[in-house]
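Working notes for the structure below.
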Amino acid sequence: MALFDWMAEATGPVLNGQGVVLRPPRPSDYMAWASLREESRAYLQPWEPAWPEDDLTRAAFRRRLGVYAREMELGTAWPLFIFDGEDEALLGAVTLSNIRRGVAETGTLGYWVGQPHAGRGVGTTAVRAMLAYAFGPLKLHRVEAACLPTNYASRRVLEKAGFRHEGLARAYLKINGRWADHLLFGVLNTEFAPTLPQSC
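Under the numbering used here, the first residue of the sequence shown carries the number -3, and numbering increases by one thereafter.
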């Protein structure tokens, strides 16, 4: 299977990687999303911004979709959910955001994978599919990412996907209610090979 197939829809791209499908979220995804996030709460919260009290409600999900639709319309972000290519189960999400054009041609990548699906190569496969989209149809020059120094799993995903460690940013993002240092990573279009590694 090709790393990804891109097709333009009103809702955004659909990317096919090895065993996963990435597409924009839909209202019908709410139950699967809320269930996976709740099931993975303790696993995810140490690495994410603090969750609002109503974060998993249907109303909050609708607001989230509204923001996503505006970002995609403007071309400033591409938030995609990750699904199993066979049973279509929701596995997580990957987002290319803060896209800057002109002299930068850069975006910022973030992702999460639900706890039941962690350690199976889902993150690496999804990140590589998003990079192929970023450096292919979007024609970006560079993609950046960051992770907490203690988030070894996330760092491994980035390194396996082709990112290089570039430095440390002090008090970079407010994570779980506290400003936290982050390791900074980057990958250039000239460095990215659009083929998946043999083992993820």
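C-beta: ideal position from N, C-alpha, C; glycine also.
Only a predicted model underlies this, so the values are computations on that prediction, with no experimental measurement involved.
In the structure shown, what three-state DSSP assignment does residue i receive?
i    : result
F181 : strand
N172 : coil
L11  : strand
A165 : strand
F188 : coil
P193 : Low confidence applies to P193: its pLDDT is 37, below 50, so where it sits in the model is not reliable enough to give any reading.
Could you please give me the residues that DSSP links to residue i through a beta bridge?
i    : result
G88  : I78 and V109
T102 : R96 and R138
R160 : G182
R19  : F77
So residue i and residue j are supposed to be a Cβ contact under 8 Å. How far apart are they, rounded?
i    : j    : result
P48  : N172 : Actually they do not touch by this definition, with Cβ atoms about 13 Å apart.
L11  : L76  : 7 Å
A89  : W74  : So it is not a contact: roughly 11 Å between Cβ atoms.
A167 : W175 : 4 Å
P20  : G8   : 4 Å
L87  : G110 : 6 Å
F181 : A141 : 5 Å
H178 : L169 : 6 Å
V153 : V16  : Contact flag wrong, Cβ pair sits at about 13 Å.
Does the ligand MN have even one heavy atom less than 6 Å from the beta-carbon of residue i?
i   : result
G88 : The model on display carries no ligand, and the ligand MN is accordingly not part of it.
- Length at least 4, wholly inside the segment 24 to 84: the alpha helix (DSSP H) runs in chain order: The DSSP assignment places complete alpha helix (DSSP H) segments of no fewer than 4 residues inside the segment 24 to 84 at 26 to 35, 37 to 40 and 54 to 70, in order along the chain.
- Query: In chain order, which continuous runs of the beta strand (DSSP E) of length 3 or greater are located wholly inside the segment 106 to 157?
  - Reply: The qualifying runs are 138 to 143.
- Message: With three or more C-beta pairs closer than 8 Å as the rule, is the segment 98 to 107 touching the segment 54 to 64?
- Response: Short answer: they don't touch.
- Item | Inter-stretch contact at 8 Å, needing at least 3 Cβ pairs: the segment 27 to 34 / the segment 128 to 145 | No, the segment 27 to 34 is not in contact with the segment 128 to 145.
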